[in-house]
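Student: Protein sequence lines correspond, in order, to chains A and B. Following numbering that gives the first Met the number 0, the numbering of the first sequence begins with 0 at its first residue and continues without gaps. Following numbering that gives the first Met the number 0, the numbering of the second sequence begins with 0 at its first residue and continues without gaps.
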Amino acid sequence: MSLVIRNGYLVDPANGVDREADLYIDATGFVAGIGEKPRGFKPEQELDAGGCIVCPGLVDLRARLREPGLEYKATIESETAAAVTAGITTLCCPPDTNPPVDTPAMAQLIQQRAWRYEKAFVHPLGALTRGLAGAHLADMAALEEAGCVGFSNALEPIRDTAVLRHAMEYAASFDLTVFLHCEDPWLRGKGCVHEGEVATRLGLPAIPDSAERIGVSRDLALIQQTGVRAHFCHLSSASAVALVTAAREQGLPVTADVTAHHLHLTEHDIGFFNTQCHVRPPLRSQRDRDALRHAVAEGAISVICSDHEPHEPDAKLAAFIAAEPGISALETLLPLTLRLVDDGSMEMGRAISALTSEPAAVLRIDAGHLGVGATADVCIFDPEAEWVLDPDQMASRGTNTPFAGWPFRGRVIQTLVGGEVVFGPEPVRCR
Amino acid sequence: MSPGIQLTEQGNLRHLLTIEGLSSETLLNILDTAESFITLGRREIKKVPLLRGRTVVNLFFEASTRTRTTFEIAAKRLSADVINLNPTHSSTSKGETLLDTVRTLEAMHTDLFCVRHPESGAPHLIARNVPDHVHIINAGDGRHAHPTQALLDMFTIRAHKGEFRNLRVAVVGDVLHSRVARSQIHALSTLGVAEIRVVGPRTLLPREIERLGVRVFTEMDEGLRDVDVIMMLRVQRERMDGAQIPSEQEYFNLYGLTEERLALADSGAIVMHPGPINRGLEIDSAVADGERSVILAQVTYGIAIRMAVMAIILGGSEPRRSRLPDA
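1. Can you confirm whether A:I320, when its beta carbon is compared against all beta carbons of chain B, has any partner nearer than 7 Å?
2. Looking only at C-alpha atoms, which of A:E425, A:D365, A:L388, A:M347 sits nearest to A:Y8?
3. Given this structure, state the Cα-to-Cα distance separating A:A31 from A:V371, to the nearest angstrom.
4. Quick one: what does DSSP say B:G3 is sitting in, helix, strand or coil?
5. Are the beta-carbon atoms of A:L291 and A:V243 separated by less than 7 Å?
6. Quick one, which residues of the segment 71-90 of chain A are near chain B if we go by CB-CB under 9 Å, in chain order?
7. With respect to the beta strand (DSSP E) encompassing B:A138, which residues constitute its N-terminal and C-terminal limits?
8. Based on the DSSP secondary-structure assignment, which residues constitute the bridge partners of B:A144?
9. Against B:H143, what residues of chain A qualify as contacts under a CB-to-CB distance less than 7 Å, listed in chain order?
10. Taking the alpha helix (DSSP H) that B:T189 falls in, what are its first and last residues?
11. Can you find a CB in chain B that lies within less than 7 Å of the CB of A:L282?
12. Select from B:K160, B:E249, B:S188 the residue whose C-alpha is nearest the C-alpha of B:A268.
13. Rank B:T147, B:E281, B:Q183 by C-alpha distance to the C-alpha of B:N252 and give the top, closest one.
14. At a Cβ threshold of 7 Å, is A:E43 touching chain B?
15. Just the C-alpha distance for B:R272 and A:P123, rounded to the nearest angstrom, thanks.
16. Compute the Euclidean distance between the alpha carbons of A:L60 and A:L90, then round it to the nearest angstrom.
17. Going by other Cβ atoms of all chains shown within 10 Å of its Cβ, with 16 needed for buried, is B:A62 buried or exposed?
18. Counting contacts by CB-CB distance shorter than 7 Å, is A:L316 in contact with chain B?
19. So for B:D283, helix, strand or coil by DSSP?
20. Counting only Cβ-Cβ distances shorter than 9 Å, please list the residues of the segment 129-156 of chain B near chain A, keeping chain order.
21. In terms of residue numbering, what span does the alpha helix (DSSP H) encompassing A:P99 cover?
22. Using a Cβ-Cβ distance cut-off of 7 Å, determine whether B:R127 contacts chain A.
23. Quick one: measure Cβ to Cβ for B:R157 and B:L30, integer angstroms, because I've assumed they're closer than 8 Å.
24. From which residue to which residue does the alpha helix (DSSP H) around A:D287 run?
25. Does any C-beta atom of chain B lie closer than 7 Å to the C-beta of A:G130?
26. Taking the alpha carbon of A:Q285 as the reference point, which residue from A:P204, A:H193, A:D342 has its own alpha carbon closest?
27. Using 8 Å as the cut-off, can you tell me whether the segment 225-234 of chain A makes contact with the segment 168-179 of chain A, which would need three or more C-beta pairs spanning the two stretches below that distance?
28. Along the beta strand (DSSP E) that carries A:H435, what are the first and last residues, could you check?
29. Taking Cβ positions only, does A:F272 come closer than 7 Å to chain B?
30. Per DSSP, what kind of secondary structure is A:R18 in: helix, strand or coil?
31. Would you grab the beta carbon distance between A:I4 and A:A48 for me? Rounded to a whole angstrom, and I think it's under 8 Å.
32. Run down chain B in chain order and give the residues with a C-beta less than 7 Å from the C-beta of A:G195.
33. How would you write the range of the alpha helix (DSSP H) that A:W185 sits in, first residue to last?
34. Which chain B residues sit within Cβ distance under 8 Å of A:A210?
35. What is the rounded straight-line gap between the Cα of B:A73 and the Cα of B:C113?
36. Give every residue of the same chain whose Cβ lies closer than 7 Å to the Cβ of A:A171, excluding the five residues on either side of it in the sequence, and list them in chain order.
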């Protein structure tokens with residue numbers, strides 16, 4: 000049924016829209032008009048978004064859904080449902096499922112299941128190497144045919160530089176994007192925290208920031224040589240950010256993202272072994288965090304993602320190094336980003352673009368914007384609503400979060416996918 | 000997630016997990032209490048009934064003879080029932096196993112666990128997941144902390160040097176991998192010594208160690224000059240296989256404590272070592288057995304310190320009111 004979203008404040012960075020405007024959606028789920036009612040358009044239903052911001056549905060560049068293989072942690076059904084409660088309508092999942100996404104069948108399975116639940120859209124990344132083992136190239140062209148939007152070795156290192164070079168050359172031949180996790184495996188060793196004051200105090204094996212810097216340097220040299228389009232995942236250190244910024248200025252085809260938690264937490268949040276702060280890459284120093292914030296505000300890092308990793312409770316009930324890394328982060332992606340707007344680190348428009356149009360551009364998918372003719376994936380949130388995160392109230396199967404008890408301002412009221420309300424109150428019939 | 004987990008609401012010691020965050024009053028109280036237990040060991044009947052009817056479990060996930068023995072003797076001299084357990088532990092085994100082990104033993108009405116574990120933070124994890132009437136003493140976790148060792152070291156220093164305030168102390172060796180060093184540094188700084196130095200090659204010193212309030216020396220001679228206390232650390236021979244130390248010989252030449260080097264320290268300086276000693280690797284036999292060495296006194300004091308910690312933790316608490324059916 001056709002729909003009008005009235006009285007909302009529309010923020011659509013891709014189209015330069017930042018004003019109060021009604022949004023008209025046709026019966027097939029596409030945007031029919033903005034502000035002015037299109038000629039002859041008669042909405043059958045309406046939503047009142049007074050006091051709310053209406054923006055494109057969020058595109059999360061990296062979220063683990065745990066299916067197939069790790070269904071005891073979460074499922075595609077549970078996590079796509081959790082995503083839409085947080086305004087996220089498109090998810091990109093890395094290939095480190097079990098088995099990994101290195102066959103077209105696996106890529107299709109994930110998409111078909113997501114499609115069946117009719118919540119968020121799911122786009123898989125394919126494996127860059129077979130079994131993520133870093134030795135043989137995966138069948139990239141076939142995987143792309145099966146719907147993979149990019150290629151990644153997830154968190155597994157490719158130690159052999161020649162293999163990485165060939166993977167990049169091969170991807171470049173077919174105009175595919177590679178997603179890189181940069182970390183020198185030898186410097187990482189058995190490390191689980193940033194090499195700094197906290198690691199020293201707690202006696203935890205540490206990862207120096209040079210591990211990331213070396214990883215980025217190596218990969219940049221190969222990107223330059225192969226000309227592949229590349230995306231750097233979850234940068235964590237000031238020095239790596241500086242390298243990527245410089246490469247972009249030189250015109251290399253590279254983009255980068257940062258996780259919302261790296262923009263808020265530092266090594267000091269680990270306190271006395273808080274395993275909820277065990278993440279990869281590790282939380283680094285305040286100086287690093289400030290550099291990441293600056294790079295996002297300036298656009299050198301274009302995307303903020305959740306890096307969602309839901310876990311069962313036992314995964315975190317272990318000594319710090321033995322606890323599994325990761326945060327259940329879908330539901331804090333928008334709230335943590337809005338915090339950066341509240342504290343003056345960035346403008347609302349930039350914040351929304353980092354969650355919508357920019358990740359869509361990295362994935363080269365048609366999403367993250369609300370121009371006429373676009374799919375009506377919409378996030379409606381009340382920027383003034385105050386609330387406190389209670390893990391027991393989380394929609395994700397994983398309730399592992401270091402943000403329990405944090406006060407937030409800004410909460411999703413409704414989420415629409417293809418013009419249908421998938422979260423929040425249903426629209427009412429027009430009189 | 001604060002050091003507060005170690006203290007009750009009244010400020011009494013509930014667990015001993017790390018020295019970090021404890022007040023100098025708390026530390027001095029432990030030292031004073033240990034003083035009263037020192038003479039006990041010299042009596043014919045070495046027992047006091049302070050912990051009669053209490054159950055102490057020494058839960059050692061990492062091999063140890065010396066430390067476990069001193070914990071066992073300490074508990075027995077306080078008349079507690081003591082059980083020693085050495086669960087096999089592979090680094091891949093998960094935390095559930097650790098907590099399951101603890102929960103099983105807790106269901107047998109254990110009052111106190113003395114825990115040694117190869118992973119930093121394991122005693123914190125246990126302390127957060129036991130009921131109020133169960134207490135934890137950290138007997139060494141990973142590279143993190145070994146608080147009773149640091150306390151017996153402080154006891155030794157006080158016994159030989161008196162006041163802490165004017166002392167210059169050098170901690171020498173593999174600070175990076177040492178839980179002993181971390182606890183010593185916290186204890187020394189809480190007790191207000193004049194200067195704490197760490198001495199070793201950069202490969203064995205953790206980054207930003209200066210933030211713990213220490214001065215860093217990579218030259219042994221410089222680091223020892225005019226110090227009052229030399230605390231040697233054990234260098235594990237395993238380290239020689241890696242890229243952190245070129246050879247035993249080079250290490251001894253650069254950082255071994257010899258009589259010539261000892262002469263650079265204050266004339267009244269004492270030499271300490273947590274044991275077991277690697278003679279000829281970190282310390283020369285002439286020094287280890289020399290008149291300035293207090294290494295064997297440390298072992299004796301270790302029992303008194305562990306008695307004091309157990310007595311303070313369990314003595315200050317009411318015996319458990321059983322929530323479980325009696326066994």
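All residues carry an ideal CB built from backbone N, CA and C; glycine is no exception.
Tutor: Working from what's here:
1. True, the Cβ-Cβ gap to chain B drops below 7 Å.
2. Ranking the options by Cα distance to A:Y8, first place goes to A:M347.
3. Rounded to the nearest angstrom, the two C-alpha atoms are 5 Å apart.
4. Helix, per DSSP.
5. No; because the gap between Cβ atoms is not below 7 Å, this pair is not in contact.
6. Contacts with chain B (Cβ-Cβ distance below 9 Å) from the segment 71-90 of chain A involve no residue at all.
7. Residues 134-140.
8. Bridge pairing for B:A144: B:D140 [DSSP].
9. The answer, in chain order, is L201, G202.
10. DSSP places B:T189 inside the alpha helix (DSSP H), whose first and last residues are 178-189.
11. So, not an interface residue.
12. Here the closest residue by C-alpha is B:K160.
13. Residue B:E281 is the option with its Cα nearest to B:N252.
14. Cβ-Cβ to chain B under 7 Å: no for A:E43.
15. The displayed chain sequence assigns His, not Arg, to residue 272 of chain B. When only Cα atoms are considered, B:H272 and A:P123 end up about 57 Å apart.
16. Approximately 6 Å between the Cα atoms of the pair.
17. Exposed, since its Cβ has fewer than 16 Cβ neighbours within 10 Å.
18. It does; some Cβ of chain B falls within 7 Å.
19. Three-state DSSP puts B:D283 in coil, outside helix and strand.
20. Residues D140, G141, R142, H143, A144.
21. It is not in any alpha helix (DSSP H) - A:P99 carries neither H nor E in the DSSP assignment.
22. With 7 Å as the cut-off, B:R127 does not count as an interface residue toward chain A.
23. Going by Cβ atoms, the distance from B:R157 to B:L30 rounds to 6 Å, so yes, they are a contact pair.
24. That run of the alpha helix (DSSP H) goes 285-297.
25. Not closer than 7 Å to any Cβ of chain B, the Cβ of A:G130 fails to qualify, so no.
26. Each of A:P204, A:H193, A:D342 was checked against the Cα of A:Q285, and the nearest Cα belongs to A:H193.
27. Three or more Cβ pairs drawn from the segment 225-234 of chain A and the segment 168-179 of chain A lie within less than 8 Å of each other, which places the two stretches in contact.
28. Residue 435 of chain A cannot be examined here, being either before or after the span of chain A that is shown, 0 to 430.
29. Answer yes: the Cβ-Cβ gap between A:F272 and chain B drops below 7 Å somewhere.
30. In the structure shown, A:R18 sits in a strand (DSSP, three-state: E or B).
31. 5 Å between Cβ atoms; contact.
32. Chain order gives the chain B residues near A:G195 as R206, E207, where near means a beta carbon separation below 7 Å.
33. Membership of A:W185 in the alpha helix (DSSP H) is indicated by the continuous run 184-187.
34. What A:A210 touches in chain B: nothing, since even the nearest Cβ is about 13 Å away.
35. So the alpha carbons of these two residues sit roughly 11 Å apart.
36. Only T225, G226, V227 meet the Cβ criterion.
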